[in-house]
Amino acid sequence: MSESTQANSASFFNLHVEGVGYLNRVRVIKPKKGQEFLACTVSALRGSDADVSYTKFDCRVSGADAQSVVKRLEADVAAEKAVIIGFRIADIYPELFTFEKGERKGQPGVAIKGRLLRIKFAKVNGVAIDVPQPARPMEREDVPF
391 MSESTQANSA SFFNLHVEGV GYLNRVRVIK PKKGQEFLAC TVSALRGSDA
441 DVSYTKFDCR VSGADAQSVV KRLEADVAAE KAVIIGFRIA DIYPELFTFE
491 KGERKGQPGV AIKGRLLRIK FAKVNGVAID VPQPARPMER EDVPF
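Numbering-wise (our numbering), the sequence shown opens with residue 391 and increments by one.
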């Protein structure tokens with residue numbers, strides 16, 4: 391590979407989380423600087439179905455298909471219906487914060503941030519909703535070292 395080709399090709403290390411969880415807190419974020427964006431929280435289910443635990447991900451919704459599905463489900467989330475999705479979240483990282491109200495006011499907390507890339511399926515109160523599927527199968531993302 392020539393030096394100019396190497397300069398033009400980018401390499402990335404992908405960190406993806408896939409699972410099933412509840413879609414919550416759909417909202418539009420309007421930062422002081424930069425462009426507004428769609429955000430949500432995903433409460434991912436983990437553990438035995440007899441004793442489920444949850445991990446919350448605070449996500450920026452990325453990708454046209456994911457944005458379309460989240461916007462379509464926004465009213466159901468606002469109506470406090472049970473909205474369950476199969477998801478793929480990328481680029482997760484922890485962000486520290488301080489609780490500003492409630493019984494934990496003044497205490498430190500941590501939020502797991504990420505980008506919601508894809509919604510594989512969705513159910514509202516147990517009823518399946520059609521979601522767009524990729525036109526071609528996902529390319530192999532694991533790269534041997």
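The beta carbon of each residue, even a glycine, is placed where N, CA and C say it ideally should be.
Predicted model only: the values in this text are computed from it and were never measured.
Sixteen is the threshold: since fewer than 16 other Cβ atoms of the shown chains lie within 10 Å of the Cβ of residue 500, the residue is exposed. Fewer than three Cβ pairs drawn from the stretch 471 to 483 and the stretch 491 to 500 lie within less than 8 Å of each other, which leaves the two stretches out of contact. The Cβ atoms of residue 505 and residue 458 do not sit closer than 7 Å to each other. Per DSSP, residue 448 is one residue of the beta strand (DSSP E) stretching across 443 to 451. Comparing alpha carbon positions, the residue from 429, 440, 463 closest to residue 519 is 463. Nearest in C-alpha terms to residue 442, of all of 400, 513, 404, 411, is 411. Contact check for residue 521 and residue 509: beta-carbon distance about 5 Å, within the 8 Å limit, so the pair qualifies. The alpha-carbon of residue 474 is positioned some 22 Å away from that of residue 419. Residue environment analysis places residue 405 among the exposed positions, since fewer than 16 neighbouring C-beta atoms fall within 10 angstroms of its C-beta. For the options 400, 423, 427, the alpha carbon positioned closest to that of residue 449 is the one of 427. For residue 418, the enclosing beta strand (DSSP E) starts and ends at 406 to 419. Residue 467 places its beta carbon 7 Å or farther from that of residue 507. Note: residue 484 is bridge-paired with 502 in the DSSP secondary-structure output.
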